[in-house]
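With full-length UniProt numbering, the residue at position 157 of the sequence shown is 157, and numbering never jumps.
Where is the CB? At the ideal position from N, CA and C, for every residue including glycine.
Because the structure is a prediction, the values reported are computed rather than measured.
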Amino acid sequence: MGHVDAGKTKLLDCIRGTNVQEGEAGGITQQIGATYLPAENIRDRTKGLKADAKLNVRGLLVIDTPGHESFTNLRSRGSGLCDIAVLVVDIMHGLEPQTMESLDLLKMRNTDFIVALNKVDRLYGWKTHGDTRIVKESINEKQSKDVRNEFTRSLTQIITQFKEQGINTELYYDNKERGETYNIVPTISAISDLLVRDWNNGEGIPDLLLLLVQWAQKTMVKRLTYSEEVQCTVLEVKVVEGHGTTIDVVLVNGVHHEGDQIVVCGMQGPVATMIRALLTLHPMRELPVKGTYLHHKEIKAAQGIKIAAQGLEHTIAGMSIYIVRPHDNVEEIKEAAMKDVKSVMSRIAKS
Ligand code: GDP
1 MGHVDAGKTK LLDCIRGTNV QEGEAGGITQ QIGATYLPAE NIRDRTKGLK ADAKLNVRGL
61 LVIDTPGHES FTNLRSRGSG LCDIAVLVVD IMHGLEPQTM ESLDLLKMRN TDFIVALNKV
121 DRLYGWKTHG DTRIVKESIN EKQSKDVRNE FTRSLTQIIT QFKEQGINTE LYYDNKERGE
181 TYNIVPTISA ISDLLVRDWN NGEGIPDLLL LLVQWAQKTM VKRLTYSEEV QCTVLEVKVV
241 EGHGTTIDVV LVNGVHHEGD QIVVCGMQGP VATMIRALLT LHPMRELPVK GTYLHHKEIK
301 AAQGIKIAAQ GLEHTIAGMS IYIVRPHDNV EEIKEAAMKD VKSVMSRIAK S
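As structure tokens, then:
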């Protein structure tokens with residue numbers, strides 16, 4: 001999340017590793033609306049940090065929709081789409097209007113986050129070293145005193161701005177009160193595309209990845225355990241040739257089956273329908289063209305998938321999908337879904 005131009009897209013490119021497109025994914029798989037980073041890949045990329053933390057999570061599912069409306073619509077209660085967010089702030093601009101909006105959403109939903117203090121290379125006199133990806137080393141050992149001072153000055157200013165919003169933040173390697181004080185990771189997600197492609201990662205990206213997995217291991221043990229209860233959020237509504245109106249969703253927990261009856265939240269109220277097709281991308285194909293989807297009889301969480309069904313035209317992004325089991329009362333489920341629609345519609349009307 002973050003203000004336009006802060007570098008969200010470029011940061012995401014760095015996290016994904018540009019080599020996904022080149023077919024050397026290192027286990028990274030592109031899904032619909034999300035990227036899966038296996039633990040081995042993260043281990044490899046964070047080697048230089050010499051972290052003693054054992055990685056016992058399977059990996060991270062990174063949602064690929066920076067600033068997407070689905071996040072704005074997400075219900076404030078119940079389960080969210082993401083467990084932790086990365087808030088991107090441009091070091092030259094500090095907190096901007098959309099940074100504030102993002103902060104409000106994060107606070108409202110009580111979502112944890114890490115601040116990526118991006119574009120540190122824009123500090124006057126910053127020297128880029130292609131061999132240094134680790135932030136602390138880069139700042140403390142490779143930059144001049146003037147740059148270090150400039151960095152500290154900008155950082156202090158931004159920490160103050162966060163404080164004015166009631167949020168305590170600290171440079172992550174100086175942060176002694178993790179949990180109450182949010183971490184800031186200085187990053188460079190792009191200087192020139194060529195350079196970052198050469199590195200595979202920008203500076204600070206390994207630090208960011210390590211913080212994300214460490215956080216997941218520490219705080220998420222229970223929530224990361226797979227459960228049968230379906231938790232699924234709509235990211236986008238798209239018309240696809242041959243499939244009609246489809247929804248791209250992130251299945252956070254549980255299983256979807258072809259033929260499952262579901263209830264989705266539509267602009268005109270809840271819609272009960274049946275999953276006609278469960279689709280994923282072919283491995284290594286980032287841009288789906290006709291016929292590139294794989295069909296599945298069932299799909300287990302956590303994954304980014306596409307659902308084809310009738311009546312999806314007015315589905316609202318950011319809303320949950322409800323599964324109707326044989327013994328369930330569809331009308332009751334529709335009623336529950338209706339409450340969500342009302343709360344989102346009133347929020348949209350207010351804004
Ligand atoms: P978004 O709107 O937040 O997704 O921002 P983008 O990722 O599209 O980046 C906006 C602009 O900032 C682009 O021209 C990027 O090349 C540039 N940019 C992104 N990250 C960095 C960075 O770390 N350093 C510098 N110097 N430029 C960056």
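Buried/exposed call for residue i, threshold 16 Cβ in 10 Å
{"i": "residue 30", "result": "buried"}
{"i": "residue 7", "result": "buried"}
{"i": "residue 268", "result": "exposed"}
{"i": "residue 310", "result": "exposed"}
{"i": "residue 322", "result": "buried"}
{"i": "residue 118", "result": "buried"}
{"i": "residue 239", "result": "exposed"}
{"i": "residue 157", "result": "exposed"}
{"i": "residue 90", "result": "buried"}
{"i": "residue 138", "result": "buried"}
{"i": "residue 153", "result": "exposed"}
{"i": "residue 315", "result": "buried"}
{"i": "residue 75", "result": "Per-residue confidence for residue 75 stands at a pLDDT of 47, beneath the threshold of 50, marking its modelled position as unreliable; the derived number appears in the next sentence. With 16 or more other Cβ atoms within 10 Å, it is buried."}
{"i": "residue 319", "result": "buried"}
{"i": "residue 64", "result": "buried"}
{"i": "residue 354", "result": "In this structure the chain extends from 1 to 351, so residue 354 is not present and cannot be described."}
{"i": "residue 160", "result": "exposed"}
Opposing strand residues paired with residue i [DSSP bridges]
{"i": "residue 320", "result": "233"}
{"i": "residue 113", "result": "85"}
{"i": "residue 270", "result": "265"}
{"i": "residue 308", "result": "246 and 277"}
{"i": "residue 300", "result": "255"}
{"i": "residue 34", "result": "31 and 63"}
{"i": "residue 294", "result": "280"}
{"i": "residue 169", "result": "182"}
{"i": "residue 90", "result": "118"}
DSSP three-state assignment for residue i, whether helix, strand or coil
{"i": "residue 47", "result": "helix"}
{"i": "residue 62", "result": "strand"}
{"i": "residue 241", "result": "coil"}
{"i": "residue 185", "result": "strand"}
{"i": "residue 325", "result": "coil"}
{"i": "residue 5", "result": "coil"}
{"i": "residue 315", "result": "strand"}
{"i": "residue 260", "result": "coil"}
{"i": "residue 175", "result": "coil"}
{"i": "residue 118", "result": "strand"}
{"i": "residue 96", "result": "coil"}
{"i": "residue 213", "result": "helix"}
{"i": "residue 128", "result": "coil"}
{"i": "residue 56", "result": "coil"}
Pair within 7 angstroms by beta-carbon distance, residue i and residue j
{"i": "residue 334", "j": "residue 263", "result": "yes"}
{"i": "residue 279", "j": "residue 306", "result": "yes"}
{"i": "residue 32", "j": "residue 340", "result": "no"}
{"i": "residue 34", "j": "residue 61", "result": "yes"}
{"i": "residue 206", "j": "residue 9", "result": "no"}
{"i": "residue 254", "j": "residue 301", "result": "yes"}
{"i": "residue 86", "j": "residue 116", "result": "yes"}
{"i": "residue 40", "j": "residue 48", "result": "no"}
{"i": "residue 356", "j": "residue 211", "result": "This structure cannot settle anything about residue 356, because the visible part of the chain is limited to 1 through 351."}
{"i": "residue 2", "j": "residue 37", "result": "no"}
{"i": "residue 165", "j": "residue 103", "result": "yes"}
{"i": "residue 251", "j": "residue 303", "result": "yes"}
{"i": "residue 14", "j": "residue 202", "result": "yes"}
Own chain residues within Cβ distance below 6 angstroms of residue i, not counting five before or after
{"i": "residue 140", "result": "none"}
{"i": "residue 204", "result": "135, 185, 186 and 187"}
{"i": "residue 112", "result": "84"}
{"i": "residue 312", "result": "245 and 247"}
{"i": "residue 270", "result": "263, 334, 337 and 338"}
{"i": "residue 228", "result": "254"}
{"i": "residue 330", "result": "272 and 324"}
{"i": "residue 299", "result": "256, 278 and 305"}
{"i": "residue 232", "result": "249, 251 and 321"}
{"i": "residue 162", "result": "169"}
{"i": "residue 42", "result": "209 and 213"}
{"i": "residue 155", "result": "none"}
{"i": "residue 95", "result": "161"}
Cβ-based neighbour list, residue i, same chain, cut-off 7 angstroms, excluding 5 preceding and 5 following
{"i": "residue 277", "result": "243, 258, 295 and 308"}
{"i": "residue 121", "result": "128, 188 and 191"}
{"i": "residue 56", "result": "217"}
{"i": "residue 261", "result": "272, 274 and 324"}
{"i": "residue 98", "result": "2, 3 and 4"}
8 angstroms CB neighbourhood of residue i in its chain, flanking five on each side removed
{"i": "residue 125", "result": "143, 144, 146, 147 and 150"}
{"i": "residue 77", "result": "Any reading at residue 77 must be qualified, since the residue scores a pLDDT of 37, below 50, and its modelled position is unreliable; no value is offered."}
{"i": "residue 181", "result": "168, 169, 170 and 175"}
Any C-beta of chain B under 7 angstroms from that of residue i
{"i": "residue 309", "result": "Although the question refers to chain B, the structure presented lacks it and comprises just one protein chain."}
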